[in-house]
Amino acid sequence: MLRGGSVTDTDRQNGKTLSGLSRHGGGWLITAIAAPLLGGALLVWQAWTLAAVVGRAIEGGAPIATLGPSVGLILMILSVRAALGAIGDRAGTAAAETIKTGLRNALFAQLLARSPREAEQAQSGAASSAIIDQVEALDAFFSRYLPAMVGATILPIAFGAIILPLDWLTGLLFLITAPLIPLFMALAGWGAQVATNKQARALSLLNGRFSDRLRGLVTLKLFGRAEAETDGIVAASDELRKRTLRVLRIAFLSSAVLEFFAALGVAGVALYIGLSLIEYLNLRSSPMTLELGLFLLLMAPEIYNPLRLLAAHYHDRASAKAAIGEIEAQLGALPKAGSTLVDAPVIRNKGALGVALSNLTLRTPDDARIILADSSFNVAPGDHIAILGPSGIGKSTLLEAIAGLRLYEGDIALDKLTLADWPLSNLRGRVTMLGQKPRIFAGSMASNIALARPGASLAEIRRAAELAHVAGFADALPDGLDTHMGEGGLGLSGGQAQRIALARVYLRDAGLILLDEPTAHLDAGLEQDVLDELKRYARGRTLIITTHSLAVAARMDKAWRIAGEALLPMPLPARKHGQVA
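The opening residue of the sequence shown carries number 1 in the UniProt record's numbering; numbering runs sequentially from there.
Okay, here's the thing in structure tokens:
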């Protein structure tokens, strides 16, 4: 029982989350909901006009010529209803796309905001499945289910309120049969929700497994495990297929239940009207006219049609709830209802940032070793600092902690404001970091540089490439900065890839620059040229560089070294003549 209650609570919470997301549909979602309601109102007018035309023609013997305006009115109503249907479908699709795009942007920003070193980090395959596949599973909920739900809630009641004064027995028949449809839909829906949750979980696990095996394909081949893992993925895929078929089986069951009761209701109304018209059944105070009987017969299926449409899309609700649950399981809580899905504007360089470390204790990611213990360290705004130490001492970890990418004990403050108090968009805009192994994606050099600032102009990208000494080797290629590279910088040397990543730093325009061995792959002459340009650019900005090279450290204003779990100041050799200060 406790487990069942937990599932119910989770299901209810997922429903609230979906309701909160629907607020971001804006005018498109309102239009998608309003169009079917307006179409329902026109349907009553159309049915009444059609019944009147037939009644006047058969019972009243009216000439065909006199019925022309009414027939034209019916055709006009049909055209307007068709247009409203098309508008509703288009608006529903647009609302769903708006919500999905905003949610994907928010989830992606939330994923990027996390430290890549977090212990509880979602697997890349599962994360991509959540952002792409599970968000896509919300489409039908907003584009089809929500309009159908509102229509099924309002239209049958409105139609019944119109019919009941005209014929109490028909209204009573609708009153008895119509509520049975949502009741049995709910019973079938509980089973569908459980099956859908399992299907969504299986899909995420399969995506994560496939991504991991693909990444380690070379290792699997070396150890002769490729075929075994392929068989495992085939088996998991087959299990996912079976789970999907279980969901469809329950969905078809709910549709069959609806069709049964809808057919029963329509048949009952048709039988009652037929017996009343031939005067075999007299339950009315006045005889039933052909016009009234035809109107009731035309409206009978329309009472159930909104419920039939809801049943057709009812499994979309189960799929959406399961998708929300899987997204939150992989990426954390979604934006709350009423919050915006649009990223906050990034605040870029507004001057150099001071850095203050107080009683900082920093450990390796596995907690096996302490890097710094109760250390304090201050960098004034605009200072250029070098941090030295042997490989593996923790220089990279210290930079990552300053950038907010590592857990630490003690205090780290930027501009006298602790990292925890910095708005994330401001922190990412005013701090930039270049690691030892920058990520180069498959694409052009220009697009890789532009990752630092989406929307940057070609002139700004070109300028950043020149500052980082990328333009020199790029211009020697036929396509220049538009030259495409392979994943991971395939086709580039280590120094070229490092300079492309350095160009991102220039394009980012941050007040605090953190560089981890930025000249490690460069020869001595190019190293000095890159440092000259970097020093000129960093005037008015705070610069912290980790390095093994005393020559690089000599170009900075001050130098510190990590030794014995402490940060210690160290003297610098005099600068050579001609070096940029």
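Virtual Cβ for every residue (Gly too), placed ideally from N, Cα, C.
Tell me where the beta strand (DSSP E) around residue 433 begins and ends.
Annotation for residue 433: the continuous beta strand (DSSP E) segment containing it runs 431–434.
For residue 249, is the classification buried or exposed, using 16 other Cβ atoms within 10 angstroms of its Cβ as the cut-off for buried?
Classification of residue 249: exposed, given that the 10 Å Cβ count is below 16.
In chain order, each alpha helix (DSSP H) run of at least 4 residues that lies wholly inside the stretch 217–259:
You should have 217–222.
Which whole-angstrom value is the C-beta distance of residue 379 and residue 354, which I expect to be below 8 Å?
About 6 Å; that satisfies the 8 Å criterion.
Under DSSP, the beta strand (DSSP E) around residue 384 begins and ends at which residues?
Counted as a single uninterrupted DSSP element, the beta strand (DSSP E) harbouring residue 384 occupies residues 384–388.
When you compare each of 265, 97 and 64 to residue 176 by their alpha carbons, which one comes out closest?
When each option's Cα is compared against that of residue 176, the closest is 265.
Under the three-state reduction of DSSP, which class applies to residue 523: helix, strand or coil?
The answer is coil: DSSP assigns residue 523 none of H, G, I, E or B.
Which two residues bound the contiguous alpha helix (DSSP H) that contains residue 316?
It spans 314–331 - the alpha helix (DSSP H) in which residue 316 sits, taken as one unbroken run.
For the alpha helix (DSSP H) that contains residue 51, what are its first and last residues?
From DSSP, the alpha helix (DSSP H) with residue 51 extends over 26–58.
Collapsed DSSP secondary structure at residue 412 in the structure displayed
Residue 412 falls in the strand class under three-state DSSP.
Between the Cα of residue 153 and those of 256, 80 and 310, spot the shortest distance and give me the residue it belongs to.
Relative to residue 153, the option among 256, 80 and 310 whose CA is nearest is 310.
Please state whether DSSP places residue 457 in a helix, a strand or coil.
Residue 457 falls in the coil class under three-state DSSP.
Quick one: Cα of residue 145 to Cα of residue 33, how far?
Here the C-alpha atom of residue 145 lies approximately 10 Å from the C-alpha atom of residue 33.
Whose C-beta lies closer than 6 Å to the C-beta of residue 409 among residues of the same chain, with five residues either side of it excluded?
Short of 6 Å from the beta carbon of residue 409, and not among the five residues preceding or following it, lie these beta carbons of its own chain, in chain order: 361.
Minimum C-alpha distance to residue 519 - residue among 528, 512, 511 and 513
With distances taken between Cα atoms, residue 519 lies closest to 528.
Exposure of residue 597, with buried meaning 16 or more beta-carbon neighbours within 10 Å:
Within the shown structure, residues of the chain are numbered from 1 to 581, placing residue 597 beyond reach of any answer.
Using the Cα positions of residue 440 and residue 434, report the straight-line distance between them to the nearest angstrom.
Roughly 12 Å between the two C-alpha positions.
If you draw a straight line from the C-alpha of residue 366 to the C-alpha of residue 258, how long is it?
Spanning the two alpha carbons is a distance of roughly 57 Å.
Does the Cβ of residue 338 have 16 or more other Cβ atoms within 10 Å, making it buried, or fewer, making it exposed?
Low per-residue confidence applies at residue 338: pLDDT is 43, beneath 50, and the placement is therefore not dependable, though the value from the model is reported in the following sentence. Around the beta carbon of residue 338, a 10 Å sphere encloses fewer than 16 other beta carbons of the protein chains shown; the residue is thus reported as exposed.
How should residue 431 be labelled, buried or exposed, when 16 other C-beta atoms within 10 angstroms of its C-beta is the threshold for buried?
Of the residues assessed, residue 431 falls on the buried side of the cut-off, its CB having 16 or more other CB atoms within 10 angstroms.
Put residue 595 into one of helix, strand or coil per three-state DSSP.
The structure shown does not extend to residue 595, since the chain spans only 1 to 581, so no value can be given for it.
Kindly indicate the opening and closing residues of the alpha helix (DSSP H) around residue 570.
Unbroken run through residue 570 is the beta strand (DSSP E), 566–570; no alpha helix (DSSP H).
What does the alpha-carbon distance come out to for the pair residue 287 and residue 67?
When only Cα atoms are considered, residue 287 and residue 67 end up about 25 Å apart.
Tell me the residue span of the alpha helix (DSSP H) that contains residue 150.
Unbroken alpha helix (DSSP H) run through residue 150: 146–166.
Taking residue 36 as the reference, which of 218, 478 and 147 has the closest Cα?
Across the set 218, 478 and 147, the C-alpha of 147 shows the shortest separation from the C-alpha of residue 36.
8 Å contact criterion, which residue 562 and residue 515 should meet: CB distance rounded
That pair is no contact at about 16 Å.
State whether the stretch 448–459 contacts the stretch 492–509, with contact taken as three or more CB pairs (one from each stretch) at a distance under 8 Å.
Touching, per the Cβ criterion.
Pick out whichever of 106, 550, 93 and 50 has its Cα sitting closest to the Cα of residue 424.
Of the candidates 106, 550, 93 and 50, the residue whose Cα lies closest to the Cα of residue 424 is 106.
Inter-residue Cα distance where the pair is residue 565 and residue 388:
So the two alpha carbons sit approximately 13 Å from each other.
Rounding to the nearest angstrom, what Cα-Cα distance links residue 494 and residue 521 in this structure?
In a straight line, the C-alpha of residue 494 is about 6 Å away from that of residue 521.
Length of the line joining the Cα atoms of residue 535 and residue 552:
In a straight line, the C-alpha of residue 535 is about 11 Å away from that of residue 552.
Contacts around residue 131, its chain only, beta-carbon distance under 7 Å, and the 5 residues preceding and following it disregarded:
Excluding residues within five positions, the ones whose Cβ falls inside 7 Å are 104, 107 and 108.
By the three-class DSSP mapping on this structure, what secondary structure does residue 133 have?
Correct three-state label for residue 133: helix.
DSSP beta-bridge partners for residue 266?
Under DSSP, residue 266 forms no beta bridge with any residue.
Could you work out which residue in 538, 49, 110 and 91 is closest to residue 327 when comparing CA atoms only?
Of 538, 49, 110 and 91, the residue nearest in Cα terms is 110.
With DSSP run on the structure shown, which of helix, strand or coil describes residue 374?
Correct three-state label for residue 374: strand.
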